[in-house]
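**Q** Questions regarding the structure given below will be posed in turn.
In full-length UniProt numbering, the protein residues as written are 1 to 61.
Structure, rendered in structure tokens:
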């Protein structure tokens, strides 16, 4: 069994995520969010009422 670590700081619509893998950040409002992960990947996510969600990983440059 492995353990993980993540700490999130919220500043308005911004989130800064600290994890064992590094620092990531995201911005969004309502159910739409753009995320830049600690590993350099990017994704867009949309969360809808009722537990429905959609996530799309964006291509790296």
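C-beta atoms are modelled at their ideal positions from N, C-alpha and C, and glycine is treated no differently.
(1) Please classify residue 8: is it buried, with 16 or more other beta-carbons within 10 angstroms of its beta-carbon, or exposed?
(2) Just verifying my parser: in three-state terms, what is the DSSP assignment at residue 52?
(3) Suppose contacts are defined by Cβ-Cβ distances below 8 Å. Is residue 60 in contact with residue 31 by that definition?
(4) Please state whether the Cβ-Cβ distance between residue 23 and residue 34 is less than 8 Å.
(5) Locate the beta strand (DSSP E) running through residue 2, then write down its first and last residues.
**A** Looking at the atomic coordinates:
(1) Walking along the chain shown from the start, residue 8 turns up at place 8. Residue 8 should be labelled exposed.
(2) Against the chain shown, residue 52 aligns to sequence position 52. Strand at residue 52.
(3) Numbered from 1 along the chain shown, position 60 holds the residue referred to as residue 60. Numbered from 1 along the chain shown, position 31 holds the residue referred to as residue 31. Against a cut-off of 8 Å, the Cβ pair of residue 31 and residue 60 comes out as no contact.
(4) Taking the first residue of the chain shown as 1, we reach residue 23 at position 23. Taking the first residue of the chain shown as 1, we reach residue 34 at position 34. Residue 34 sits away from residue 23, with the two beta carbons spaced by 8 Å or more.
(5) Looking up residue 2 in the chain shown gives position 2. Premise fails: residue 2 is in no beta strand (DSSP E) and is neither H nor E.
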